[in-house]
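Chains as they are written, first to last, in the working numbering: chain A, 258 to 825; chain B, 44 to 377.
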């Protein structure tokens, strides 16, 4: 060892340390500089130098419950299953109108008890098995034959709600099933029989829960939960699903993403992108940031406050036609809210236009009844309550409630399509109520389970904010849900209204159904169980290069027409 | 050394047994009912009873514990109530993401922290020293969550240099081998995939690594200052040994001992910090898995996760103890 000491030598380790640190910093800077070009380069799919990308990435907010739509009731699950499965009927893109899908046409018997469907010819499931009348019968029989846990309200939710019962009911709350049986006819058509007429039957079949599946694959993958297990956790429902739609499930990385591949044997218009990915990003702000940064190509339920920012940044905003209702609920079990004059006073005290202007997104419709204007049975001439503080004060005085004090419940930490920011809506309405002399006690609770438990399960609430997003174009899906029976939310008993709604449900023609519901809407707005406020417009956001996405009021959005340009 | 390892491993078994008991009691003390969490707000009594029976929640608690312990001894952590997937295989799927992130953060702390701490110590009192000391103080006090959001906003949203979330661009159809995305890309020669994963790792690693980095800088600086003043260093200088040799053999080696201890202790902090970092950057690691398990009262996942972390923590600390022996011969001899 003959190294010589010296000042230069002393600084060697220092230099080395500097070199190391500099290298690290250099690597980071290089990484950052290349990050964007790298992602862009990777994005240009197998198609090479074409003008469009091969992959569409959508930002979802959470994992689906499972991949079997029968056991789902949430939008995130349906967003995926809509790409993989199809029902007998669907909706015209962007509307709530019925459209053919796996059934090309249908007829209804005069008594409203049977429906015969002519099926699309030459359709196969993604595993190559033919889709025919027998497959339709097998699907109806599958739903009807579910047992045990699978019948639960959080599993076969839509089957329970619409068909009301199974072959063998394991839950005493269930009744005789609406489904009476089905037959595969020799001419290739299929007939479905009902036990009672149900005006909303065809519209309800647009629900993704009633999409056609390969029932043999379901059974083979344990998808019926026949052994008492949760069918959502079966091999079928977590990766083995088989439908007739334009995409097939390639992989599901829980908490991260679902990858769908184009179904090359699809009978309809084949998907323009080879791969569609739903990436799960729980936080709304993070989804916006991911879009802005090019990590995803689009996302849903854009916060109203983000709309202008995104538009300024060159992103596309698509409004989904409103199919929801925001209302101020009134609990008549809480006196003096059972006094019609008090309820009318509250109605006159609220300036809905101002609420919409100050607390809801642009394009929101003011509501006059408990359903949006695109639902069958919406009544143009329904009784309305104009904003008139003087009338409100007079009515309160007449009711002997000039100094009324009531609890006002509203939820926190939640954003719903009909209620993007509950606290702002609460503030807007509350100040209007205070202006006519109504004192409110604010009760703010977390959405789930506290808030819903209080306003739907409890009896101590006074007025509250809530709403509903429709599932399919059937008025029963709005006012039937709210006022079909006595509930703790509304706290009133009106057998006339309950029976009227039950009867309207069994109308056998569209005209009859429309008339019945128009009358019921008038009846409800005279009774005034609550104040319908507005139908806000939810928005989707897309990168500039995304085309062919049609927003649907009932979220019936299939991505086979979507393209993403390479420079987006 | 071998005795130490054996003794520590035996102790670990005892600790794990005690922990399993505590954990079992703790998760059951959480408010709520797992069957209701699974079946939702509208669960029927029959449905709840069916789930309770399936998972044995209808049995006396002591019996449930014995069943659990029996399974544990066979290496079976049970299956998630929420997804039905075995807890162990889900960990195996998700752990690489957390480890990759933690390792990157640790690497950053060591690769930047030690040279920086050393430099600051050598130029004690100078502008660089002041900057490093001030900077490291800031690194310690700024919460990981806040820094993560800040980095993401500045470097991803505003400047667009880094991706905002995830571990890899979903558009890349990469082959998975080990679950460590950077490594996978290298193994399969998918350079694009490896590079993309590395780029995705930068911001989360910076955020997560900020606290260990600051601590390593401070400890290294203090330790080097202390060693520089020691007699053996003065003697070495007096002997006319080359400065590089003094630094390498007599200063750094001795100064690194406390740094090594600190790194071991930081392993636990890294794992808990990973939960927050994974949330901000939507990384699919065990942090986000634990987060979901808490809200869904997924007993098997919670019990399995914490036990697993305890094992990792204990093993890392054992490894640190062993590393003492490698760094400092005095430990080896004693």
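All C-beta atoms, glycine included, are put in the ideal place defined by N, C-alpha and C.
What you are looking at is a predicted structure, and each value in this text was computed from that prediction instead of being measured.
Cβ neighbours of residue i in the same chain (closer than 8 Å, five flanking residues each side left out)
i: residue 539(A); result: 318 and 319
i: residue 304(A); result: Unreliable positioning characterises residue 304(A) in this predicted model, as indicated by a pLDDT of 38, which lies under 50. The coordinate reading is nonetheless provided below. Cβ within range, chain order: 310, 311 and 531.
i: residue 336(B); result: 123, 125, 344, 345 and 348
i: residue 494(A); result: 323, 324, 325, 328, 478, 480 and 488
i: residue 62(B); result: 349, 350 and 353
i: residue 656(A); result: 593, 596, 598, 599 and 602
i: residue 303(B); result: 363, 366, 367 and 370
Own chain residues within Cβ distance below 7 Å of residue i, not counting five before or after
i: residue 306(A); result: Confidence in residue 306(A) is poor, its pLDDT being 40 and thus under 50, which makes the residue's placement unreliable; the coordinate value appears in the next sentence. Within the same chain, residue 306(A) has no close Cβ partners at all.
i: residue 788(A); result: 584, 585, 603, 604 and 607
i: residue 384(A); result: 471, 474 and 499
i: residue 640(A); result: 779, 782 and 783
i: residue 240(A); result: Residue 240(A) is absent from the model: chain A starts at 258 and stops at 825.
i: residue 155(B); result: 256
Residue closest to residue i, alpha-carbon to alpha-carbon, out of the options
i: residue 405(A); options: 151(B), 88(B) and 251(B); result: 88(B)
i: residue 374(A); options: 384(A), 367(A) and 390(A); result: 390(A)
i: residue 462(A); options: 670(A), 507(A) and 400(A); result: 400(A)
i: residue 781(A); options: 753(A), 691(A) and 762(A); result: 753(A)
i: residue 167(B); options: 272(B), 61(B) and 132(B); result: 272(B)
i: residue 672(A); options: 725(A), 437(A), 614(A) and 717(A); result: 725(A)
i: residue 351(A); options: 729(A), 651(A), 668(A) and 739(A); result: 729(A)
i: residue 97(B); options: 482(A), 357(A) and 335(A); result: 482(A)
i: residue 214(A); options: 807(A), 676(A), 670(A) and 381(A); result: This structure leaves residue 214(A) out entirely; chain A is present only between 258 and 825.
i: residue 695(A); options: 424(A), 646(A), 543(A) and 718(A); result: 646(A)
i: residue 157(B); options: 263(B), 342(B) and 54(B); result: 263(B)
i: residue 516(A); options: 313(A), 709(A) and 766(A); result: 313(A)
Bridge partner(s) assigned by DSSP for residue i
i: residue 584(A); result: 723(A) and 789(A)
i: residue 668(A); result: 702(A)
i: residue 372(A); result: 365(A) and 449(A)
i: residue 576(A); result: 796(A)
i: residue 509(A); result: 515(A)
i: residue 673(A); result: 676(A)
i: residue 536(A); result: 316(A) and 514(A)
i: residue 129(B); result: 122(B)
Residue i - containing alpha helix (DSSP H), residue span
i: residue 247(B); result: 234–271
i: residue 171(B); result: 170–184
i: residue 274(B); result: 274–281
i: residue 67(B); result: 45–72
i: residue 187(B); result: 187–194
i: residue 822(A); result: From DSSP, residue 822(A) is part of no alpha helix (DSSP H) but of the beta strand (DSSP E) over 820–822.
i: residue 615(A); result: 609–616
Proximity below 8 Å, CB of residue i to CB of residue j
i: residue 686(A); j: residue 587(A); result: no
i: residue 276(B); j: residue 160(B); result: no
i: residue 326(B); j: residue 169(B); result: no
i: residue 560(A); j: residue 794(A); result: no
i: residue 357(B); j: residue 48(B); result: no
i: residue 498(A); j: residue 341(A); result: yes
i: residue 773(A); j: residue 759(A); result: no
i: residue 345(A); j: residue 393(A); result: yes
i: residue 518(A); j: residue 503(A); result: no
i: residue 819(A); j: residue 802(A); result: no
i: residue 575(A); j: residue 335(A); result: no
i: residue 786(A); j: residue 747(A); result: yes
i: residue 313(B); j: residue 246(B); result: no
i: residue 70(B); j: residue 82(B); result: no
i: residue 469(A); j: residue 343(A); result: yes
6 Å Cβ shell around residue i - same chain, five flanking residues per side excluded
i: residue 191(B); result: 250, 320 and 323
i: residue 261(B); result: 179
i: residue 386(A); result: 471
i: residue 224(B); result: 210, 211 and 240
i: residue 51(B); result: 361
i: residue 143(B); result: 223
Start and end residues, beta strand (DSSP E) containing residue i
i: residue 357(A); result: 355–357
i: residue 315(A); result: 312–317
i: residue 436(A); result: 436–441
i: residue 418(A); result: Careful: residue 418(A) lies outside any beta strand (DSSP E), inside the alpha helix (DSSP H) at 414–420.
i: residue 346(A); result: 346–348
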